[in-house]
Structure formats: structure tokens, C-alpha cells
């Protein structure tokens, strides 16, 4: 019998698989395993996901760093600071808000509380030492700037900054001002990277105060500002 050309076909011998065939076989086997043991696969996948997220629990996110306050512990290695700063933050709103109130009432009444707070701070006297604000505050002289708006800053007095400085801390002048928002934004600069006089007096970014240049809706508003006190010495009392 004459043998045909070419190699004879060997029965029972498997040919060499290519790389795509090996990958297909692997995924086919993996699929069969997942179908056979679905609960075990789900538990294993859940454990892997949870374990990979555990390190993020203690990861410090931006702006969420813990604040640590220490009182009465002054290091002798560091130089004495020039002054100490303390802020009294106020969040004020008109309650209850009646229908007959105007848009200006939402701003005028909260800002009026700055004058009340200043009177409380100035008239405070410690019962043990009889010290007042004038004994511990940082006294300043005339401002070095000759700008026409510099007269709203304290001169020859305690360095205390508050929204009341916009009206020279005069309640009568504040009550006679028909456009308090215009007065505020006349001392505000929109230039980036520069702190305006209004922001210094309010003790924060003007955007955070809740005051807008052109408010539209006549509604209740929460106004926020701070009274900033500068002390020449640190007195825990």
C-alpha cells in the first residue's frame, strides 16, 4: 500500500495551543469555577474590596486636619510674639421673620449687634484683678497710611476691628445710613490675593459673611462676622 505524501495524522495526540486559545481556556475554566461556587466568590471579592479601602479610613483629607488648642503652655525657645489675636464670631439672624420686614432689615439688625458686642467688651471688668480691655489690649497710634479711608481704622486707642468701624463705631451714624450695603462694598476690593478693609473689619472673607452686593429676594438671612481683639500680653483670665 502506497503511503500518501505528508505526515500521517496521529490519533489521540492534542496539538499545541496558541496564546489566544490558552487565554480563552483560562477564562472558561474561571467562569465554570465562579458558577460552581458563587457564594464563595462573592465573599472573597467583598473581602478584597473592604481590605483595600481600610487604609483610607485614617487618611487625612484636605481641610480636615485636627485642630489642637493649648492654653498656658508657652515655650521658652520661641521668641515672644508681638501680639495676641482673639476673635469673637457672631452668627445673627432676624427671628421671627415677619412679612412686613424689608430687605434692608435682614442686614441692618444683625450688623447692629456688633455695636452691642463692642459695648459689652469695653465695659467688661474682671472681678478678681479689676482689669479692663484697656489694660491688656494692644494700643496703636496714628495710621501710617494717608488714604482717605484709613480713618475708619482705630487710632490712639485699642486695636479692635469690627464692622462697626465702617460707621466710626457710632450707632447714630449707622442708623442714619440708608444704604449700608453700599458702605460695606465701598471698602471692599475684588482683587485676588489682596485683603480689603471690609474683610479685615468683618474678620473673614466677605463671601462667608452672607452679605451680597445686590441681594434680590426679600427673605431671612444669616449674617456672620467677627470682632477681632489684639492683646499685648496673654492673660488666660
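In full-length UniProt numbering, the protein residues as written are 1 to 237.
Where a beta carbon is used, it is the ideal one built from N, C-alpha and C, also for glycine.
Buried versus exposed, by CB contacts within 10 Å (16 or more), residue i
i	result
residue 190	exposed
residue 217	exposed
residue 1	With a pLDDT of 47 at residue 1, under the threshold of 50, the modelled position of that residue is not reliable, and the figure given next carries that caveat. Result: exposed.
residue 158	buried
residue 202	buried
residue 225	buried
residue 233	exposed
residue 45	exposed
residue 227	buried
residue 235	exposed
residue 47	exposed
residue 42	exposed
residue 180	buried
residue 169	buried
residue 209	buried
Any chain B beta carbon closer than 8 Å to residue i
i	result
residue 209	No chain B is part of this structure, which consists of one protein chain only.
CA-to-CA distance, residue j to residue i, given in whole angstroms
i	j	result
residue 107	residue 211	8 Å
residue 205	residue 230	19 Å
residue 24	residue 58	41 Å
residue 174	residue 118	14 Å
residue 37	residue 18	29 Å
residue 20	residue 27	11 Å
residue 122	residue 131	11 Å
residue 6	residue 22	For residue 6, the predicted structure reports a pLDDT of 48, less than 50, and the residue's modelled location is therefore unreliable. The matter cannot be settled from this model.
residue 55	residue 49	12 Å
residue 124	residue 135	11 Å
residue 177	residue 110	15 Å
residue 214	residue 103	11 Å
residue 198	residue 184	6 Å
residue 219	residue 80	48 Å
residue 100	residue 163	26 Å
residue 35	residue 207	58 Å
residue 182	residue 127	42 Å
residue 13	residue 53	Because residue 13 sits at a pLDDT of 48, beneath the cut-off of 50, its placement in the model cannot be relied upon, and the point is left open.
residue 16	residue 33	24 Å
residue 129	residue 195	37 Å
residue 98	residue 120	28 Å
residue 40	residue 51	17 Å
Proximity to residue i [Cα-Cα], best of the options
i	options	result
residue 96	45, 222, 22 and 158	222
residue 82	170, 219, 137 and 198	137
residue 142	133, 129 and 156	156
Extent of the continuous alpha helix (DSSP H) run through residue i
i	result
residue 90	Counting along the chain, residue 90 falls outside any alpha helix (DSSP H), though it belongs to the beta strand (DSSP E) covering 84-92.
residue 24	19-36
residue 118	105-123
residue 135	133-136
residue 198	197-202
residue 152	Residue 152 -> no alpha helix (DSSP H), and no H or E assigned at all.
residue 174	171-175
residue 236	Segment: none, residue 236 is in no alpha helix (DSSP H) and carries neither H nor E.
Spatial neighbours of residue i in its chain, beta-carbon cut-off 8 Å, leaving aside the 5 residues before and after
i	result
residue 154	140, 160, 161 and 165
residue 113	90 and 92
residue 85	228, 229, 230 and 231
residue 152	165, 166, 168, 187, 197 and 201
residue 105	94
Cβ shell of residue i (< 7 Å), same chain only, five flanking positions each side left out
i	result
residue 186	none
Proximal residues to residue i (C-beta, below 6 Å), its chain only, five neighbours per side dropped
i	result
residue 89	226
residue 87	203, 226 and 228
residue 171	115
Delimiting residues of the beta strand (DSSP E) encompassing residue i
i	result
residue 225	223-231
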